[in-house]
Amino acid sequence: MTLKPAHLLAALIVSAALPAMAQNLAVVNGKPIPSSRADVMIKQMTSQGQQDSPELRAMVKDELINREILVQEADKLGLNAQADVKNQIEIARQSILIRALVTDYLKKNPVKDADIKAEYDRFKAQAGDKEYHARHILVEKEDEAKAIIAKLKAGAKFEDLAKQSSKDPGSAANGGDLDWASPASFVKPFSDAMIGLQKGQLLETPVKTQFGYHVIKLDDVRTAKVPTLEEVKPQIAESLQQKKLQAFQQQLRAKAKIQ
7 MTLKPAHLLA ALIVSAALPA MAQNLAVVNG KPIPSSRADV MIKQMTSQGQ
57 QDSPELRAMV KDELINREIL VQEADKLGLN AQADVKNQIE IARQSILIRA
107 LVTDYLKKNP VKDADIKAEY DRFKAQAGDK EYHARHILVE KEDEAKAIIA
157 KLKAGAKFED LAKQSSKDPG SAANGGDLDW ASPASFVKPF SDAMIGLQKG
207 QLLETPVKTQ FGYHVIKLDD VRTAKVPTLE EVKPQIAESL QQKKLQAFQQ
257 QLRAKAKIQ
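Heads up: the sequence shown begins at 7 in our numbering, then just goes up one per residue.
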């Protein structure tokens, strides 16, 4: 069958239009909704655990059509020109661009395994090889602390005096119990005094820190249970990423002209 010139021209026009139409999910009141917009939404939903399926794609298509209809109505009413709406749109635009910038920066400046290992080794060294189970009673004045030590030496129970007198809201109700912790968990004057004690020993001299005066008793000591590198690798990687991003932001701010 041979097409006449007029029919041939019409066929060429239709075939040329097909690729453009295929790129659109739908056309609403003459305005196209690109298929790429649906792809982005589906990617977000599947990353959150939803299964890609014809039903999901149909739902996304319907949602995008509804959104386009509502947005066109909002534009028709001039809502896009309102100051608060314009500001919210700009904030949303900034958030999207910042996320894209962060993704791009981390892709170009990834955290290396060697950096993670070095941070892990630093953490292990700081944590030490022992954990201490201590109790303390925190008071404001040295004389108060000395009076408490005298009572303890006379036979008073540490737990009872902690509940009565300690100003530390985190441990007073538990008899001054600080649970198991590494020396690095405490301020240096406290940890230095604590590690010098023997199991079950009461420190007979109050320790002064920025929080007040501490009466310290060491209940027990054990070998530290340090997690393996693989167990903490995700947390270390995230922490190093945050440090990289903070340094990047500070670098950009230092170069920015702020008036």
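Don't be surprised by glycine CBs; every beta carbon is placed ideally from N, CA and C.
Three-state secondary structure assigned by DSSP to residue i
{"i": "Ile293", "result": "Nothing can be reported for residue 293, as the shown portion of the chain is limited to 7 through 265."}
{"i": "Glu236", "result": "helix"}
{"i": "Val117", "result": "coil"}
{"i": "Pro40", "result": "strand"}
{"i": "Glu125", "result": "helix"}
{"i": "Asp174", "result": "coil"}
{"i": "Lys163", "result": "coil"}
{"i": "Glu74", "result": "helix"}
{"i": "Ala32", "result": "strand"}
{"i": "Val211", "result": "Checking the displayed sequence, the identity of residue 211 turns out to be Thr instead of Val. Reduced to three states, the DSSP call for Thr211 is coil."}
{"i": "Val193", "result": "coil"}
{"i": "Gln256", "result": "helix"}
{"i": "Asp90", "result": "helix"}
{"i": "Leu158", "result": "helix"}
{"i": "Glu146", "result": "coil"}
{"i": "Lys205", "result": "coil"}
{"i": "Leu103", "result": "helix"}
{"i": "Leu184", "result": "strand"}
{"i": "Lys231", "result": "coil"}
{"i": "Lys250", "result": "helix"}
{"i": "Asp81", "result": "helix"}
{"i": "Asp226", "result": "strand"}
{"i": "Ser21", "result": "Confidence at Ser21 is low in this model, with a pLDDT of 45, below 50, so the placement of that residue should be treated as unreliable; the coordinate-derived value is given next. Helix, per DSSP."}
Proximity below 8 Å, CB of residue i to CB of residue j
{"i": "Val221", "j": "Ala151", "result": "yes"}
{"i": "Gln29", "j": "Ser41", "result": "yes"}
{"i": "Arg141", "j": "Asp225", "result": "yes"}
{"i": "Val66", "j": "Ile48", "result": "yes"}
{"i": "Asp45", "j": "Thr52", "result": "no"}
{"i": "Ile102", "j": "Glu74", "result": "no"}
{"i": "Gln252", "j": "Leu112", "result": "no"}
{"i": "Ser188", "j": "Glu236", "result": "no"}
Close-in-space but distant-in-sequence residues of the same chain around residue i (CB under 8 Å, 5 per side omitted)
{"i": "Ser245", "result": "Glu125"}
{"i": "Gln207", "result": "Lys223, Leu224"}
{"i": "Lys130", "result": "Val232"}
{"i": "Asn93", "result": "none"}
Own chain partners of residue i with C-beta closer than 6 Å, once the 5 adjacent residues on each side are dropped
{"i": "Val91", "result": "Leu85"}
{"i": "Val238", "result": "none"}
{"i": "Asp166", "result": "none"}
{"i": "His139", "result": "Trp186, Asp225, Asp226"}
{"i": "Leu14", "result": "Below a pLDDT of 50, predicted positions are generally treated as unreliable, and Leu14, at 48, falls in that range; no measurement from the model is reported."}
Distance between beta carbons of residue j and residue i, contact taken as under 8 Å
{"i": "Tyr219", "j": "Lys147", "result": "7 Å"}
{"i": "Ile155", "j": "Glu210", "result": "6 Å"}
{"i": "Gln78", "j": "Val33", "result": "Gln78 to Val33, Cβ: 12 Å. No contact."}
{"i": "Gln56", "j": "Leu62", "result": "6 Å"}
{"i": "Leu70", "j": "Arg43", "result": "6 Å"}
{"i": "Thr229", "j": "Asp135", "result": "7 Å"}
{"i": "Gly182", "j": "Ala168", "result": "3 Å"}
{"i": "Ala190", "j": "Ala133", "result": "6 Å"}
Contact set for residue i: own chain, Cβ-Cβ below 7 Å, skip 5 residues either direction
{"i": "Met27", "result": "The predicted position of Met27 is uncertain, since its pLDDT is 49 and thus under 50; no value can be drawn from it."}
{"i": "Ala199", "result": "Leu209, Val213, Ile222"}
{"i": "Leu184", "result": "Ala140, Arg141, His142, Ser177"}
{"i": "Ile242", "result": "Ile122, Glu125, Tyr126"}
Cβ contact check for the region 111 to 120 and the region 189 to 205: 3 or more pairs under 8 Å: Counting C-beta pairs with one atom in each stretch, the region 111 to 120 and the region 189 to 205 have fewer than three that are closer than 8 Å, which means they do not touch.
Within 8 Å, do at least three Cβ pairs link the region 126 to 138 to the region 165 to 174? They do not touch, by the three-pair rule.
Please determine if the region 240 to 260 and the region 200 to 207 are in contact, where contact requires at least 3 C-beta pairs separated by less than 8 Å. These segments do not touch.
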